[in-house]
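A quick write-up on the structure given underneath.
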Amino acid sequence: MNLAPSKHPWWTGVLLLLASTGLVPSAPAQDLKVTLLGTGSPGPRMDRFGPSILVEAGKQKLLFDCGRGATQRIEQNKVPFAEVDALFLTHLHSDHVVGIPDLWLTGWIRGRTIRFEFGGPREPEK
56 MNLAPSKHPW WTGVLLLLAS TGLVPSAPAQ DLKVTLLGTG SPGPRMDRFG
106 PSILVEAGKQ KLLFDCGRGA TQRIEQNKVP FAEVDALFLT HLHSDHVVGI
156 PDLWLTGWIR GRTIRFEFGG PREPEK
């Protein structure tokens, strides 16, 4: 996945926006945890679930992309689904979005009472 600013200029903007608006509060280094939930490609692979990254910064839990198996990996990491604050999509390829319905419905079934926030590109890549 190429996240260079020239390839995905909004990516840099999202990170700067999160940092500047306080959505991700300033936290000491020990309060930041990044978990690669999946690093696979569009084809199903049992050894590498679809693209998904969980960032835990203080009390915030932010998910970047939601590939196949993201919900299972969140469960394996013992993160309550209702505590995932937001989902950000790096781009709209199927392997990055296919897990969204499962994540959304599982959060609701498990007691999500707050709005499920998400962000990403405004339109598909051309």
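The opening residue of the sequence shown carries number 56 in the working numbering; numbering runs sequentially from there.
Even glycine gets a Cβ: it sits at the ideal position worked out from N, Cα and C.
Beta-carbon spacing of residue i, residue j below 9 Å
i	j	result
R167	A137	yes
P106	G93	yes
F171	A141	yes
K88	E111	yes
G174	L147	no
For residue i, the first and last residue of its enclosing alpha helix (DSSP H)
i	result
L158	I155 to I164
E130	A125 to Q131
Residue i (DSSP reduced to helix, strand or coil)
i	result
T94	coil
F136	helix
Residue i: first and last residue of the uninterrupted beta strand (DSSP E) it sits in
i	result
V110	S107 to A112
E172	E172 to G174
Cβ distance (whole Å) where residue i is taken to contact residue j below 8 Å
i	j	result
T90	L117	Between L117 and T90 the Cβ distance is about 11 Å, and since that is not below 8 Å, they are no contact.
G162	G122	Actually they do not touch by this definition, with Cβ atoms about 17 Å apart.
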